Amino acid sequence: MNVLRKILFPFAILYGFITTIRNFLFDKGILKSTSFDVPVIAVGNLSVGGTGKTPQIEYLIRLLSDNYRIATLSRGYKRKSEGFVLADTTSNADILGDEPFQFYQKFTNIQVAVDANRTNGITQLLSQAIKPEIILLDDAYQHRKVKAGFYILLTAFGDLYADDFMLPTGNLRESRSGAERANIVVVTKCPKNLSDEKQEEIRLKLKLNCSQQIYFTFIDYDNTVYGQDEKIDVKDIKSEAKILLAGIAKPKPFFDFLKNEKDECLTFPDHHHFSDNDLNEIQNKAQDKKIITTEKDYVRLKDTEITSKLFFLPIKSTFINHHKNFDSTILEYVKGNSFNQKTEQ
Numbered sequence: 001m002n003v004l005r006k007i008l009f010p011f012a013i014l015y016g017f018i019t020t021i022r023n024f025l026f027d028k029g030i031l032k033s034t035s036f037d038v039p040v041i042a043v044g045n046l047s048v049g050g051t052g053k054t055p056q057i058e059y060l061i062r063l064l065s066d067n068y069r070i071a072t073l074s075r076g077y078k079r080k081s082e083g084f085v086l087a088d089t090t091s092n093a094d095i096l097g098d099e100p101f102q103f104y105q106k107f108t109n110i111q112v113a114v115d116a117n118r119t120n121g122i123t124q125l126l127s128q129a130i131k132p133e134i135i136l137l138d139d140a141y142q143h144r145k146v147k148a149g150f151y152i153l154l155t156a157f158g159d160l161y162a163d164d165f166m167l168p169t170g171n172l173r174e175s176r177s178g179a180e181r182a183n184i185v186v187v188t189k190c191p192k193n194l195s196d197e198k199q200e201e202i203r204l205k206l207k208l209n210c211s212q213q214i215y216f217t218f219i220d221y222d223n224t225v226y227g228q229d230e231k232i233d234v235k236d237i238k239s240e241a242k243i244l245l246a247g248i249a250k251p252k253p254f255f256d257f258l259k260n261e262k263d264e265c266l267t268f269p270d271h272h273h274f275s276d277n278d279l280n281e282i283q284n285k286a287q288d289k290k291i292i293t294t295e296k297d298y299v300r301l302k303d304t305e306i307t308s309k310l311f312f313l314p315i316k317s318t319f320i321n322h323h324k325n326f327d328s329t330i331l332e333y334v335k336g337n338s339f340n341q342k343t344e345q
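Here it is, written out as structure tokens:
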């Protein structure tokens with residue numbers, strides 16, 4: 001913890017008090033939450049960024065989309081549009097935001113929408129001629145104006161919420177007690193060989209109640225990097241001198257997976273909009289080298305002047321164990337819920 005964050009400790013106490021009061025008012029029904037009689041699954045975290053929400057949403061899409069009409073609803077962070085937008089063939093990362101646009105390009109059989117007002121966003125989705133049968137709320141754990149039917153809380157192995165503190169001293173958006181709303185807690189970005197003993201240690205540290213389930217996942221990297229008209233085996237690209245580029249919250253694992261001593265790593269802020277100056281800098285550093293980036297960055301960069309040498313490395317969330325239990329819990333929730341009516345609580 002740096003000195004400035006320590007100095008701001010009183011503000012963290014104040015922020016924690018405000019968020020606790022807000023949650024209390026929602027819990028008691030003094031502030032109203034809208035619930036929908038369609039399965040709504042919220043995926044989010046207690047901390048700011050970097051827990052792996054995108055691969056977890058994609059896991060749910062793969063699990064559910066063969067049998068149900070799926071819609072994802074995101075805020076569309078740093079998009080240049082406003083209000084409710086339903087993705088179509090004219091959409092791009094500027095209109096939707098990078099992660100929703102990634103969903104839209106990757107999964108052709110789902111609806112992808114953005115709206116900062118999640119209540120309005122769900123209402124708009126359910127007013128479409130073809131209504132979704134399941135709505136996945138991306139990064140909406142603190143969006144209490146919608147009462148989701150099922151909550152999945154993510155926490156990163158190297159940055160557990162139990163070890164963190166409130167903003168601005170730490171990275172928590174709300175107090176650790178917010179974890180009590182979760183039906184499932186997923187510890188993400190674990191080592192592949194995480195032992196049963198370590199899993200139990202984390203389970204005890206998080207102090208979950210008896211009704212909550214916990215799972216452990218790791219980031220699984222693809223064996224191939226993909227460009228506009230070419231794909232290359234990862235084992236070949238690892239040995240080649242290249243530029244590694246990332247504008248994500250925690251890029252170190254991405255860099256570590258691909259880099260060798262000849263590589264240069266370029267880091268930009270999360271959800272960064274690349275300017276002409278940025279692109280010129282990247283171009284000058286790359287020269288005749290290939291540029292490997294994350295899938296999220298690729299959707300923002302693929303139609304720029306560096307497209308011809310640009311490749312991305314896909315990732316997915318993989319369960320260390322008990323993935324069938326996770327799948328069956330989600331499927332049972334979905335099957336047990338009715339559709340398309342709205343109530344206020």
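For the sequence shown, the UniProt record's numbering gives the first residue as 1, with consecutive numbering after it. Note that beta-carbon positions come from the ideal geometry of N, C-alpha and C, so glycine has one too. Bear in mind the structure is a predicted one, so any value in this text is a computation, not a measurement.
Please report the distance separating the alpha-carbon of residue i from that of residue j.
{"i": "Thr343", "j": "Val185", "result": "Its pLDDT being 49, under 50, Thr343 is placed unreliably in this model, and the value from its coordinates should be taken loosely. Going by the C-alpha atoms only, they are around 27 Å apart."}
{"i": "Asp233", "j": "Leu160", "result": "34 Å"}
{"i": "Arg300", "j": "Phe107", "result": "17 Å"}
{"i": "Arg69", "j": "Lys145", "result": "24 Å"}
{"i": "Ile57", "j": "Ile202", "result": "23 Å"}
{"i": "Ile134", "j": "Glu240", "result": "44 Å"}
{"i": "Leu125", "j": "Lys131", "result": "7 Å"}
{"i": "Val85", "j": "Gln111", "result": "11 Å"}
{"i": "Asn171", "j": "Tyr226", "result": "34 Å"}
{"i": "Gly178", "j": "Val40", "result": "19 Å"}
Taking the alpha carbon of residue i as the point to measure from, which residue in the options has its own alpha carbon closest?
{"i": "Ile291", "options": "Cys265, Thr19, Pro39 and Ser74", "result": "Cys265"}
{"i": "Glu180", "options": "Phe101, Tyr141 and Ser33", "result": "Tyr141"}
{"i": "Gly97", "options": "Lys231, Lys262, Asp297 and Ala241", "result": "Asp297"}
{"i": "Ala42", "options": "Leu31, Gly29 and Ile61", "result": "Ile61"}
{"i": "Asp327", "options": "Tyr215, Ala249, Cys190 and Asp278", "result": "Tyr215"}
{"i": "Gln102", "options": "Ile219, Leu154 and Phe312", "result": "Phe312"}
{"i": "Lys238", "options": "Lys262, Asp229 and Pro253", "result": "Lys262"}
{"i": "Asn337", "options": "Gly16, Ala71, Thr119 and Val38", "result": "Val38"}
{"i": "Asn209", "options": "Ala182, Lys192 and Leu194", "result": "Ala182"}
{"i": "Pro253", "options": "Leu153, Asp66 and Thr188", "result": "Thr188"}
{"i": "Ile306", "options": "Ile315, Thr318 and Leu245", "result": "Leu245"}
Just verifying my parser: in three-state terms, what is the DSSP assignment at residue i?
{"i": "Ser35", "result": "strand"}
{"i": "Asp327", "result": "helix"}
{"i": "Leu46", "result": "coil"}
{"i": "Lys290", "result": "strand"}
{"i": "Lys250", "result": "coil"}
{"i": "Phe311", "result": "strand"}
{"i": "Ile21", "result": "helix"}
{"i": "Ile232", "result": "strand"}
{"i": "Lys342", "result": "Annotation note: pLDDT 48 at Lys342 (below 50); position unreliable, no value reported."}
{"i": "Ile282", "result": "helix"}
{"i": "Gln142", "result": "coil"}
{"i": "Thr123", "result": "helix"}
{"i": "Tyr77", "result": "coil"}
{"i": "Phe101", "result": "helix"}
{"i": "Ile214", "result": "strand"}
{"i": "Ile13", "result": "helix"}
{"i": "Phe274", "result": "coil"}
May I ask you to list the residues that DSSP assigns as paired with residue i?
{"i": "Ile219", "result": "Ser317"}
{"i": "Ala156", "result": "Asp159 and Thr188"}
{"i": "Ala179", "result": "The partner list for Ala179 (beta bridge, DSSP) is empty, contrary to what the question assumes."}
{"i": "Leu167", "result": "DSSP, once it has assigned bridges, lists no residue as partnering Leu167."}
{"i": "Ile243", "result": "Glu264 and Ile291"}
{"i": "Ile41", "result": "Leu136 and Phe150"}
{"i": "Val85", "result": "Val114"}
{"i": "Leu172", "result": "Ser47 and Met166"}
Looking at the unbroken alpha helix (DSSP H) that takes in residue i, where does it start and where does it end?
{"i": "Ile135", "result": "Segment Ile134 to Asp138 is the beta strand (DSSP E) holding Ile135; no alpha helix (DSSP H) there."}
{"i": "Thr54", "result": "Lys53 to Leu64"}
{"i": "Ala93", "result": "Ala93 to Leu96"}
{"i": "Asp6", "result": "For the record, residue 6 in the displayed sequence is Lys; it is not Asp. Start and end: Val3 to Ile7."}
What residue range is occupied by the uninterrupted beta strand (DSSP E) comprising residue i?
{"i": "Lys205", "result": "First-last for Lys205: Asp196 to Leu206, but that is the alpha helix (DSSP H), not the beta strand (DSSP E)."}
{"i": "residue 351", "result": "Since the first residue shown for the chain is 1 and the last is 345, residue 351 is missing from the structure and cannot be characterised."}
{"i": "residue 351", "result": "The requested residue 351 is not part of the displayed model; the chain covers only 1 to 345."}
{"i": "Leu266", "result": "Glu264 to Thr267"}
{"i": "Gln111", "result": "Gln111 to Val114"}
Any C-beta of chain D sitting closer than 8 Å to the C-beta of residue i?
{"i": "Ser127", "result": "No chain D is present in this structure, which holds just one protein chain."}
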